[in-house]
Amino acid sequence: MTNREYFANNRYGMFVHFGLYSLLGGEWRGRTVRDYAEWIQSHFAIPNKEYHKLASVFNPIFFDADEWIRSAKEFGMKYFVITSKHHDGFALFHSKADKFNIVDSSPYGRDIVAQLGEACYKHGIKFGLYYSQELDWAHPHGGGYTNAAGCSGVSWDNSWDFLNNGTKNFDICFQEKIKPQVKEILTNYGDIFLIWFDTPHTINPKQSLELNRLVKELQPDCLINSRIGNGDYDYVSLGDNEIPPDSPPDGLMEKTGDMNDIHGYKYSPFGLYETPATMNSSWGIKFCDPNYITAAQILERKQHLNNRGVNYLLNIGPDALGRFPARCAEILREAAGLK
């Protein structure tokens, strides 16, 4: 079975947002983030010299890859996606392209992506990797500086350490870090089911095509989501927590622009769609928000989406020790009919 066929026939997956932001849980110096806890560095414009100190104490001693994947399987999920690098630039894998990673910069010192890949293979779960291919607040030329509004922080790019003064050149970041790291995750961790790219604004058509060709050259069956930008994808990632209305996807998700329109392009040439969704108001763990959706709501949304040909990729945000929040696990277990 090809990855495309598997995606179409297994419409429930687990998304996990885990990183340095998990240490803060959406709180900084007596204040809380407005919405997404994983955006905390941008929300409070935390300088890299302070935020990067988190790496020196990031030690998820209770992280157990086998337990995570066994749990996902128990909950009925058929594929698993982990944030290999989020917008803060910190990688959960051992990267030779940049030492700001969990092996070289943290006391934990072990490759989390490698452990999860092995566990997925062991338990028969397809393994996917989220990778922020444009935003990178650790790099002076990280993207996002061409987009003015709509983010969950002070700016899409790191404008607090690296002023957006017209000298930024995303191609430098793209060539120095993005492409080398994408190549690393495609060559060092076995078969990758999909790459979940995110937030395309500054990335241009040539760069999106370069990434697409890199993925297909190294892993031809690996799926690419629409957030790569510029139309070079295999399936559509709908908006965060987007629940489409009561029409089949091929009827309701018409093309709103040409193939190079990176905003609002919602037509999948292969009929593959996915809604990424949270259990509360955040993707990374957020201490002040225990308002999780219920098991009944999960089942209702899953059925609604699946009946319309849309996959349900449901997120959980572990704590900094590497544990799934107990209440989240209880709800997911109940939704799977195990309580």
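Everything in the sequence shown is counted per this note's numbering, starting at 10 for the first residue and increasing by one. The beta carbon of each residue, even a glycine, is placed where N, CA and C say it ideally should be.
Take the alpha-carbon of H150 and the one of E309: they are about 43 Å apart. Taking 4 residues as the shortest admissible run, the region 287-344 contains the following complete alpha helix (DSSP H) segments, listed from N- to C-terminal end: 304-316 and 335-344.
If you draw a straight line from the Cα of F279 to the Cα of D75, it is about 33 Å long. F72 is not a Cβ neighbour of I134, given a cutoff of 8 Å. In the three-state scheme derived from DSSP, where H, G and I count as helix and E and B as strand, T284 is classed as strand. Relative to the Cα of T155, the nearest Cα in the group S141, G137, N178 and A147 belongs to N178. Partner residues in the beta bridge of Y139, as assigned by DSSP, are T92 and W205. Remark: C-beta atoms of S217 and S235 do not approach each other more closely than 8 Å. Judged by pairs of C-beta atoms under 8 Å, the region 114-129 does not touch the region 158-175, as fewer than three such pairs exist.
Apart from the 5 residues on each side of it in sequence, D230 sits with its Cβ closer than 7 Å to the Cβ of T11 and N12 in its chain, given in chain order.
For K225, same chain residues with a beta-carbon under 7 Å away, outside a window of 5 residues either side, do not exist.
In this structure, the CA atom of I325 is about 7 Å from the CA atom of M288. For K58, the number of other beta carbons within 10 angstroms of its own is below 16, and it is reported as exposed. DSSP places W48 in the helix class (H, G or I) of the three-state scheme.
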